[in-house]
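Position in the sequence shown (first residue = 1) + 104 = the numbering used here.
Beneath this line is the structure, given in structure tokens, with notes to follow.
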Amino acid sequence: RPGDQVEGMTESETIATVTTIARIQANFWDNDLLEKLSWMPITNAVELDYKGKWESFVQHFGHFTDEKGLRVGVKVGQYSEWLEKEIESRPKTIVHADLRADNLLFGPPGTREEVVILDWQIAMRSMGAFDVARLMAGSEPIKERKGHHMEVVRCWHSTLLEHGVEDYPWEEALYDFRLGALATLFYPVHFHTSLIGVTGRDLELIRVIIHRAFSCAVEVDAISVLPQS
Numbered sequence: 105r106p107g108d109q110v111e112g113m114t115e116s117e118t119i120a121t122v123t124t125i126a127r128i129q130a131n132f133w134d135n136d137l138l139e140k141l142s143w144m145p146i147t148n149a150v151e152l153d154y155k156g157k158w159e160s161f162v163q164h165f166g167h168f169t170d171e172k173g174l175r176v177g178v179k180v181g182q183y184s185e186w187l188e189k190e191i192e193s194r195p196k197t198i199v200h201a202d203l204r205a206d207n208l209l210f211g212p213p214g215t216r217e218e219v220v221i222l223d224w225q226i227a228m229r230s231m232g233a234f235d236v237a238r239l240m241a242g243s244e245p246i247k248e249r250k251g252h253h254m255e256v257v258r259c260w261h262s263t264l265l266e267h268g269v270e271d272y273p274w275e276e277a278l279y280d281f282r283l284g285a286l287a288t289l290f291y292p293v294h295f296h297t298s299l300i301g302v303t304g305r306d307l308e309l310i311r312v313i314i315h316r317a318f319s320c321a322v323e324v325d326a327i328s329v330l331p332q333s
């Protein structure tokens, strides 16, 4: 069954997906296997035009979030260079970078086909928690994820440890998740110019992406990781 980002994902689907991505990431966690993937970029550079596109984004799509979300967005612009460097300094692994419901297939629970991750074309070597943040912020409805953000992150983190990742305590995983929740905002701002004037499902998709992503950054107090925040 294909996922549907507009409809969104359930808590159990989200947990199954972060468990799957954690198993993959554990195999490449800051090791020689990852170094051999030298052709894979360490960034998709979507952060570079964030400040330049912010005013246009607010003009065309700012109504899809609220004042709290917009304030977070402004903070991200103020610290975009710091955020880029901080993420680059974190432990690296394979990052799908577009982990969302539209790129997932769901099969019978408890089988190898429970979650199949498609479309790895923008994969990069970066901070693993970004995938967790992007998935939750983009594909899980606000009512569905309410109160269990940390459960999802803990599931991802514990799966990493179970599969051999060392020297990565919970506090660092949570820190990285909050960094990821901020970095997720780079994507709708970067791509919004190609979506101005869309209708139908495309419009509904950009609406839920923006609403969920900015709300998630607020919900998890993501700006608490920023300097002087």
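Glycine included, C-beta positions come from ideal geometry on N, C-alpha and C.
CA-to-CA distance, residue j to residue i, given in whole angstroms
| i | j | result |
| --- | --- | --- |
| GLU139 | ALA277 | 22 angstroms |
| GLN109 | SER142 | 31 angstroms |
| SER298 | LEU309 | 13 angstroms |
| SER160 | VAL220 | 36 angstroms |
| ARG311 | GLU270 | 39 angstroms |
| TRP224 | ARG204 | 11 angstroms |
| GLN163 | HIS261 | 38 angstroms |
| GLY232 | VAL302 | 32 angstroms |
| ILE300 | GLY268 | 45 angstroms |
| HIS296 | ALA287 | 15 angstroms |
| TRP158 | LEU137 | 38 angstroms |
| PHE165 | ARG249 | 23 angstroms |
| TRP274 | ARG105 | 33 angstroms |
| GLU190 | THR215 | 37 angstroms |
| ASP306 | SER193 | 35 angstroms |
| ILE128 | GLY156 | 35 angstroms |
| LEU152 | GLU218 | 36 angstroms |
CB contact flag (residue i, residue j, <8 angstroms)
| i | j | result |
| --- | --- | --- |
| ALA285 | ALA237 | yes |
| GLU334 | THR118 | Because the chain in this structure spans residues 105 to 333, residue 334 falls outside the shown range and cannot be described. |
| VAL82 | LEU239 | Here the chain comprises residues numbered 105 to 333, so residue 82 is not present and cannot be evaluated. |
| GLY242 | ALA317 | yes |
| THR206 | GLY107 | Sequence check: residue 206 is Asp here, not Thr. Cβ atoms of ASP206 and GLY107: closer than 8 angstroms. |
| GLU283 | TYR272 | The question names Glu, but residue 283 in the sequence shown is Leu. Taking 8 angstroms as the Cβ cut-off, LEU283 and TYR272 do not qualify as a contacting pair. |
| LEU222 | LEU208 | yes |
| TYR154 | PRO331 | no |
| ILE314 | PHE168 | yes |
| VAL257 | PHE281 | yes |
Whole-angstrom C-beta distance between residue j and residue i, which should lie under 8 angstroms
| i | j | result |
| --- | --- | --- |
| VAL180 | LEU289 | 5 angstroms |
| SER230 | THR147 | 7 angstroms |
| HIS294 | GLU115 | HIS294 to GLU115, Cβ: 29 angstroms. No contact. |
| HIS279 | VAL329 | A small correction: the amino acid at residue 279 is Tyr; His does not occupy that position in the sequence shown. Their Cβ separation, rounded to whole angstroms, is 6 angstroms, which keeps TYR279 and VAL329 in contact under 8 angstroms. |
| GLY173 | SER319 | 6 angstroms |
| VAL150 | ILE327 | About 19 angstroms separates the two Cβ atoms, so there is no contact after all. |
Any chance you could list the alpha helix (DSSP H) runs of at least 4 consecutive residues sitting entirely within the stretch 227-308, in chain order? For the stretch 227-308, whole alpha helix (DSSP H) runs of length 4 or above, ordered along the chain, are 233-243, 246-249, 253-266, 274-287 and 290-295.
With a threshold of 8 angstroms, are at least 3 pairs of Cβ atoms found where one atom belongs to the stretch 189-205 and the other to the stretch 122-133? Enough Cβ pairs lie closer than 8 angstroms, so yes.
Inside the stretch 137-183 only - alpha helix (DSSP H) runs reaching at least 4 residues: Note on the stretch 137-183: whole alpha helix (DSSP H) runs with a minimum of 4 residues are 154-165 and 171-182, in chain order.
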